[in-house]
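Numbering (the working numbering), first residue to last: 140 to 222.
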Amino acid sequence: MPDRPTLLEEAQEDALRTRALEMLRAAFPDYRIVYGGGRWAAAAAGDPPKVWFADTPSSLCGQLFLAELTNGGRVAPIRTEGR
140 MPDRPTLLEE AQEDALRTRA LEMLRAAFPD YRIVYGGGRW AAAAAGDPPK
190 VWFADTPSSL CGQLFLAELT NGGRVAPIRT EGR
């Protein structure tokens with residue numbers, strides 16, 4: 140039987156996922172970014188909409204950065220107020 144993460148580890152992972160979602164949404168406000176089923180996804184408006192999938196938030200960040208770079212877009216600053 141595989142080892143299950145402890146509740147503390149699960150809580151820490153959940154907190155990191157939540158923080159990653161906040162940071163990705165702040166950096167890429169023009170995309171709908173979600174996490175579910177162990178995968179990250181982002182969608183941009185359009186007909187048809189462009190969609191990206193990734194296994195990690197850093198991979199999704201890289202994909203969205205390249206999308207903005209190649210389409211003449213920009214990435215919003217991630218720094219929060221008061222830091």
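Backbone N, C-alpha and C fix where the C-beta goes; we use that ideal spot for every residue, glycine too.
Taking a contact to mean a Cβ-Cβ separation below 8 Å, would you say Tyr159 touches Ala215 in this structure?
For the purposes of this step, residue 159 is identified with residue 20 of the sequence shown, where counting begins at 1. For the purposes of this step, residue 215 is identified with residue 76 of the sequence shown, where counting begins at 1. Before going on, a small fix: residue 159 reads as Ala here, not Tyr. No, the pair does not count as a contact, with Cβ atoms beyond the cut-off.
Compute the Euclidean distance between the alpha carbons of Cys200 and Gly175, then round it to the nearest angstrom.
Along the sequence shown, one-based indexing puts residue 200 at 61. Along the sequence shown, one-based indexing puts residue 175 at 36. The alpha-carbon atoms of Cys200 and Gly175 are separated by roughly 16 Å.
Within its chain, find whatever has a CB closer than 7 Å to the CB of Ala183; leave out the 5 residues flanking it on each side and keep chain order.
The count along the sequence shown starts at 1 and reaches residue 183 at position 44. So the qualifying residues of the chain are Asp169, Tyr170 and Lys189.
So, is Ala181 buried or exposed, given that buried needs 16 or more other C-beta atoms within 10 angstroms?
Locating residue 181 in the sequence shown gives position 42, where the first residue counts as 1. That one is buried.
Where does Gly175 fall in DSSP's three states?
The sequence position of residue 175 within the sequence shown is 36, counting from 1. Gly175 falls in the strand class under three-state DSSP.
I'd like to confirm the pairing. Which residues does DSSP put opposite Ala182 in its beta bridges?
The sequence position of residue 182 within the sequence shown is 43, counting from 1. In the DSSP output, where bridge partners are listed per residue, Ala182 has Arg171 and Val190.
Note down the Cα distance separating Met162 from Glu152, rounded to an integer number of angstroms.
In the sequence shown, counting from the first residue as 1, residue 162 sits at position 23. In the sequence shown, counting from the first residue as 1, residue 152 sits at position 13. Their backbone Cα atoms lie some 15 Å apart in a straight line.
Need the endpoints of the alpha helix (DSSP H) that Thr209 sits in, please.
Along the sequence shown, one-based indexing puts residue 209 at 70. Where Thr209 is concerned, the enclosing alpha helix (DSSP H) stretches over Pro196 to Thr209.
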